[in-house]
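Visitor:
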Amino acid sequence: MALLEVKGLEAFYGRTQALHGLDFELEEGGITTILGANGAGKTTTLRSICGMVRNNGAISFDGQALIGQATENIVRQGIAHVPEGRGTFVRITTEENLRLGAYTIKGAREVADGMERVYAYFPRLKERRNQQAGTLSGGEQQMLAVGRALMLRPRLMLLDEPSFGLAPLIVKELFEILRTINREEKVSMLLVEQNATLALNLADHAYLLETGRVVMSGTSDDIASDEAVRQSYLGY
Amino acid sequence: MDLFLQQTFSGLANGAIYACVALAVVMIYQAIDHFNFAQGEMAMFSTFIAWQLMQWGIPFWLVFPICIVISFAGGVAIERIIFGPIHDAPVLSHVIVFIALFSIFNSLAGFIWEFTIKPFPSPFPEAKLLDTNLIGNHELGMIVVVLFMLSLIYLFFRFTPIGLAMRAAAANPESARLVGISVKWMLSLGWGLAAAIGAVAGMLIAPVVFLEPNMMLGILLYGFAGAVVGGLTSPGGAVAGGLLVGVAENLAGTYLIGSELKLTFALIMIVGVLLLRPAGLFGRVVVNRV
Chain A
1 MALLEVKGLE
11 AFYGRTQALH
21 GLDFELEEGG
31 ITTILGANGA
41 GKTTTLRSIC
51 GMVRNNGAIS
61 FDGQALIGQA
71 TENIVRQGIA
81 HVPEGRGTFV
91 RITTEENLRL
101 GAYTIKGARE
111 VADGMERVYA
121 YFPRLKERRN
131 QQAGTLSGGE
141 QQMLAVGRAL
151 MLRPRLMLLD
161 EPSFGLAPLI
171 VKELFEILRT
181 INREEKVSML
191 LVEQNATLAL
201 NLADHAYLLE
211 TGRVVMSGTS
221 DDIASDEAVR
231 QSYLGY
Chain B
1001 MDLFLQQTFS
1011 GLANGAIYAC
1021 VALAVVMIYQ
1031 AIDHFNFAQG
1041 EMAMFSTFIA
1051 WQLMQWGIPF
1061 WLVFPICIVI
1071 SFAGGVAIER
1081 IIFGPIHDAP
1091 VLSHVIVFIA
1101 LFSIFNSLAG
1111 FIWEFTIKPF
1121 PSPFPEAKLL
1131 DTNLIGNHEL
1141 GMIVVVLFML
1151 SLIYLFFRFT
1161 PIGLAMRAAA
1171 ANPESARLVG
1181 ISVKWMLSLG
1191 WGLAAAIGAV
1201 AGMLIAPVVF
1211 LEPNMMLGIL
1221 LYGFAGAVVG
1231 GLTSPGGAVA
1241 GGLLVGVAEN
1251 LAGTYLIGSE
1261 LKLTFALIMI
1271 VGVLLLRPAG
1281 LFGRVVVNRV
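Listed in order, the protein sequences are those of chains A and B. The first sequence begins at 1 in the working numbering and counts up by one. The second sequence begins at 1001 in the working numbering and counts up by one.
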């Protein structure tokens, strides 16, 4: 059985419908990416999974129905969302941000362990542990967002445009760490990206979204070698 | 010199009152990002509940915690019942509801307990502890209690996961939800704490100004002044601000402007601080990289 199963997902902003019956699945341990142009509904899909937009349809996570649940309860089942714009708590320190990520984790030992693991993946965060998080650079804040998500000990990580606004070198570093996290921590990932090359490189499965509908799906290799995708999304 | 000391200490005594209220104001501001105009009336209502309990023969030391618990529950209830449903409404709607609460509590207190002035006992001993006429036991006790509350609040926000979660929920509700924090409950908790602090403030103030439905009117303004002067983001600043406003208004009243313009002086302090240092004297200026 797939870890995440989405069937006939519709989402609405006020009266505007943003998703028109989306179907997709995500295997445990895998990395799946959702590609699409601006406004295709990528972010909305992630926000629907976390119950942050009004939606219809069926989303099941490990057999549990998610639709209708409050965001904080969905998160507690092991879904960590790295939001668009990174969602940094700017007024508190880096370490306090990580501590918040472990809000649902009971036990000081577990929290301390989690902190050490995050610092091992992102040594830069350790250097900046007592710095006000709002003063971190964009790349550092993105690392902090991933670190905060990791603190939750998630089974599924939702990543919304982690490469946005970052220098190519930082992006490369970040995506390598994501791959390591996926392998070592057995965290499944659902990745939304504008940068299709990057995303197809990391992911094993891909879905292509157009105006709120899935228009193509397959393994990353298949999608990457598709003529139409190459021309409109990969640009070569 | 004697006059100066006398006035400074009597200013500190008043300042302790303002500090109490300022602390409650900052508490709610931290949680909901708004001034709660009904804060004073809520505190007054709590104090009346304490008075009623004492009328029924319950001793002060028992009334004190009971009243705090009732007020905490009341604060939570107000958030759940009234502010929960209008959570996404614009700021102005909230302001209107604050004003409504203000007049509801004011009239309700008058309706139940009448507008006659009632004495309220001081929890502190009458006998002189210090050999001085500069400051009375009650005023001294008030300052001690406020400082004690302040350290509790500081420890709570600085070192407990719930305290951190409350700060996070106020600063960035969406991110807070994404780490599993129930923002609704954090707001309710903030209201509960503010109401509880208000109750303590009310019970400490009532022996000085006497108990009646309008007892908090002027004091709330000074409390706001203290909170703004000290910085709305800083509980410690609010207490310092409250004491500062108390002393400054007293000295100004004695030496500069006369007692009629004291309240004006407090308002001038608000405007002055907002113009020159909007974060307040002790408030934290938020640095944000864009």
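Glycine is no exception: its CB is placed at the ideal position from the N, C-alpha and C atoms.
Considering Cα atoms alone, identify which of A/134, A/40, A/166 and A/53 is closest to residue 233 of chain A.
Guide: Of the candidates A/134, A/40, A/166 and A/53, the one whose C-alpha sits nearest the C-alpha of residue 233 of chain A is A/40.
Visitor: 7 angstroms is my cut-off, CB to CB: does residue 1179 of chain B come that close to chain A?
Guide: Chain A contact via Cβ: present.
Visitor: In angstroms, rounded to a whole number, what distance separates the CA positions of residue 1277 of chain B and residue 86 of chain A?
Guide: Roughly 30 angstroms between the two C-alpha positions.
Visitor: To the nearest angstrom, how far is the alpha carbon of residue 1023 of chain B from that of residue 14 of chain A?
Guide: So the alpha carbons of these two residues sit roughly 40 angstroms apart.
Visitor: So does the stretch 1003-1015 of chain B actually touch the stretch 48-56 of chain A, counting three or more Cβ pairs closer than 8 angstroms?
Guide: The stretch 1003-1015 of chain B, when compared against the stretch 48-56 of chain A, does not touch it at the 8 angstroms Cβ threshold.
Visitor: Just to confirm the assignment, what range does the beta strand (DSSP E) spanning residue 231 of chain A have?
Guide: Taken as a continuous stretch (DSSP letters only), residue 231 of chain A belongs to no beta strand (DSSP E), as it is neither H nor E.
Visitor: Measuring only between beta-carbons, confirm whether residue 78 of chain A sits less than 7 angstroms from chain B.
Guide: So, not an interface residue.
Visitor: Please classify residue 1087 of chain B: is it buried, with 16 or more other beta-carbons within 10 angstroms of its beta-carbon, or exposed?
Guide: Flag for residue 1087 of chain B reads exposed.
Visitor: Could you give the distance in angstroms between the alpha-carbon of residue 1212 of chain B and the alpha-carbon of residue 1189 of chain B?
Guide: Using only the alpha carbons, I get a separation of about 28 angstroms.
Visitor: Alpha carbons only, please: which of A/108, A/25, A/42 and A/16 is nearest the one belonging to residue 7 of chain A?
Guide: Comparing Cα positions, the closest option is A/25.
Visitor: DSSP three-state call for residue 35 of chain A: helix, strand or coil?
Guide: It is a strand residue.
Visitor: Which word fits residue 221 of chain A, buried or exposed, when buried means at least 16 other C-beta atoms lie within 10 angstroms of its C-beta?
Guide: Classification for residue 221 of chain A: exposed.
Visitor: Taking 8 angstroms as the threshold, find out whether the stretch 1105-1124 of chain B comes into contact with the stretch 1221-1233 of chain B through three or more Cβ pairs.
Guide: No contact exists between the stretch 1105-1124 of chain B and the stretch 1221-1233 of chain B.
Visitor: Consult DSSP for residue 166 of chain A and reduce its assignment to one of helix, strand or coil.
Guide: Note: residue 166 of chain A maps to coil in three-state DSSP.
Visitor: Closer than 7 angstroms, CB to CB, is residue 1214 of chain B near chain A or not?
Guide: No, because no Cβ of chain A sits closer than 7 angstroms to the Cβ of residue 1214 of chain B.
Visitor: Out of curiosity, what's the CA-to-CA distance linking residue 1290 of chain B and residue 115 of chain A?
Guide: With a pLDDT of 49 at residue 1290 of chain B, under the threshold of 50, the modelled position of that residue is not reliable, and no figure is offered here.
Visitor: Expressed to the nearest angstrom, what Euclidean distance is found between the alpha-carbon atoms of residue 1106 of chain B and residue 1214 of chain B?
Guide: The alpha-carbon atoms of residue 1106 of chain B and residue 1214 of chain B are separated by roughly 7 angstroms.
Visitor: Tell me where the beta strand (DSSP E) around residue 210 of chain A begins and ends.
Guide: Element bounds for residue 210 of chain A: 205-210.
Visitor: Going by Cα to Cα distance, which pick from B/1231, B/1147, B/1016 and B/1039 is closest to residue 1135 of chain B?
Guide: When each option's Cα is compared against that of residue 1135 of chain B, the closest is B/1016.
Visitor: Report the partner residues of residue 24 of chain A according to the DSSP bridge assignment.
Guide: Paired residues: A/6.
Visitor: I'd like the list of long-range same chain contacts for residue 129 of chain A, defined as Cβ closer than 6 angstroms, with 5 residues on each side in sequence excluded.
Guide: Hits under 6 angstroms: 94 and 95.
Visitor: Can you have a look at residue 1283 of chain B and say buried or exposed, based on whether 16 or more other CB atoms are within 10 angstroms of its CB?
Guide: Label assigned to residue 1283 of chain B: buried.
Visitor: Give the residues of chain B in contact with residue 96 of chain A, contact being defined as C-beta atoms less than 9 angstroms apart.
Guide: Those within 9 angstroms of residue 96 of chain A in chain B are 1164, 1167 and 1168.
Visitor: Check the Cβ of residue 1171 of chain B against every Cβ in chain A and list those closer than 9 angstroms, keeping chain order.
Guide: 89, 90, 91 and 92, listed in chain order.
Visitor: Just to confirm the assignment, what range does the alpha helix (DSSP H) spanning residue 87 of chain A have?
Guide: Careful: residue 87 of chain A lies outside any alpha helix (DSSP H) and carries neither H nor E.
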